[in-house]
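Chemist:
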Amino acid sequence: DIDRDIRKSIMVAGTARSGTTWLANIIASQIPCRLMFEPFQSKMVKAFSQFHYFHYMRPSEQNDELWSYCRKVFTGDIKHNWVDRKVDQIFPSYRLIKEIRANLFLQWLHRMFPEVPLLFIIRHPCAVVLSRMRLVWATDTDIEPFLSQSKLVDDFLGDKIDIIRGAKTVEEKHAIIWSITNLVPLKQFGPNGLNLIFYENLALQPEVEIPKIFQIIRQEYQASVFKVIEKPSTTTVQTSAIITGHNQITGWKKKLSPQQIDNILSIVADFELDHIYGDSFEPLVTTLSEDKA
């Protein structure tokens, strides 16, 4: 990876378990690229350790250190075992950055580096929560970085503190994480500002979504891409729904109890995101322009 042209970078972002790896693998199957895995993981990448686990930035803020690190990422001037965990190309022409912890400064990132095509994938909160619960992922230690950032609290969470503190069940806490990490980018980018990819639409109507995706990233694709869509991602566990086809969309309704589903959707409604997802399997909107962001 010796071409330092920022325009050779593509970014796929979204919250954890929303399909970022899946989408990145789909794209990587069609273009010779260096797949960069979560370079904004402050607990794993020392060069980013000074920043919060879910770092928040106001779009107009200045942060020279963050800008410098991001530039190194987008120019490929970074080497790390965590980031380069999957090397398929010896001489890549592009860089594909897959990230789940940059959502809270995604708009800032886009303003600083507008030449980098950005895709944001979003998945039903119940499916995401179920996936996180199966992996026994952290809740309180993921929520703490949100509350420790005063600007984030002032801008987005001030009227949600009681909701966040009041979450008692595991599914409610995971729903809090889903809500915050989707709310901030959706609000900061506003209608039509974010290239939004719905996980469910990509799974059920790839013939419609694939052309959109490759148009956004200004790349061509072959028919082989549709076979890649059916393959589980490298972060998919054996119990993951993506292995069992259509069940990747509907599985959560069988695995979660009615009370758990109600708890999750109640949190989503508290964060005013219930116009995007409800108790149906598919999203309630088709584009961000219909969003109330």
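So the sequence shown is numbered by our numbering: it starts at 6 and just counts up by one. Glycine residues also receive a C-beta, built at the ideal position from the N, C-alpha and C atoms.
1) When the distance is taken between beta carbons, is Y61 closer than 8 Å to F125?
2) Alpha carbons only, please: which of E104, R116, K48, C38 is nearest the one belonging to Q67?
3) Out of curiosity, what's the CA-to-CA distance linking L162 and I272?
4) So for E104, helix, strand or coil by DSSP?
5) Looking at A18: is its Cβ nearer than 8 Å to the Cβ of L188?
6) Which class does F59 belong to by DSSP, given the choice of helix, strand or coil?
7) Counting pairs of beta carbons, one from the stretch 203-218 and one from the stretch 164-182, are three or more of them closer than 8 Å?
8) Quick check on R22: does DSSP put it in helix, strand or coil?
9) Which residue wins for smallest C-alpha separation from N206, given the options I15, L28, K13?
10) Measure the alpha-carbon distance for P288 versus L199 and round it to whole angstroms.
11) Only counting the same chain, and skipping five residues up and downstream in sequence, which positions put a Cβ closer than 6 Å to that of I36?
12) Could you check if G3 is buried or exposed, using at least 16 other CB atoms within 10 Å of its CB as the buried criterion?
13) Could you tell me the distance, in whole angstroms, from the CA atom of I83 to the CA atom of I266?
14) Measure the beta-carbon distance from L345 to A107 and round it to whole angstroms, keeping in mind my assumption that it falls under 8 Å.
15) If you compare alpha carbons, which of F59, T291, N197 is closest to L155?
16) Indicate whether the contact test is met: 3 or more Cβ pairs, each with one atom in the stretch 225-233 and one in the stretch 129-142, closer than 8 Å.
17) Return the chain-ordered ranges of every alpha helix (DSSP H) run that is complete within the stretch 66-99 and spans a minimum of 4 residues.
18) Which residue wins for smallest C-alpha separation from I127, given the options D8, K259, T26?
19) Quick check: what's the CA-CA separation for T144 versus E235?
20) Taking DSSP as the reference, what is the three-state secondary structure of K192?
Modeler: In brief:
1) The Cβ atoms of F125 and Y61 lie no closer than 8 Å to each other.
2) Ranking E104, R116, K48, C38 by CA distance to the CA of Q67 puts R116 first.
3) Between L162 and I272, the C-alpha separation is close to 13 Å.
4) The three-state reading of DSSP puts E104 in strand, counting E and B together.
5) No, the pair does not count as a contact, with Cβ atoms beyond the cut-off.
6) Here F59 sits in coil by DSSP.
7) Contact between the stretch 203-218 and the stretch 164-182 is absent, because fewer than three Cβ pairs lie under 8 Å.
8) In the structure shown, R22 falls within a coil segment according to DSSP collapsed to helix, strand and coil.
9) Nearest Cα to N206 within the set I15, L28, K13: L28.
10) Their Cα atoms are separated by approximately 16 Å.
11) Its chain contains Y99, Q224 as the residues whose beta carbon lies nearer than 6 Å to that of I36, once the 5 sequence neighbours on both sides are disregarded; these appear in chain order.
12) As displayed, the chain neither begins before 6 nor continues past 298, which places residue 3 out of reach and without an answer.
13) Distance between the alpha carbons of I83 and I266: 42 Å.
14) Because the chain in this structure spans residues 6 to 298, residue 345 falls outside the shown range and cannot be described.
15) This sequence places Ser at residue 155; Leu is not what is there. Proximity to S155 across F59, T291, N197 peaks at F59, based on C-alpha coordinates.
16) By the Cβ criterion, the stretch 225-233 is not in contact with the stretch 129-142, since fewer than three pairs of Cβ atoms, one from each stretch, lie closer than 8 Å.
17) Runs found: 69-79.
18) Taking only the C-alpha atoms, the option nearest I127 is T26.
19) Here the alpha carbon of T144 sits roughly 30 Å from the alpha carbon of E235.
20) Per DSSP, reduced to three states, the secondary structure at K192 is helical.
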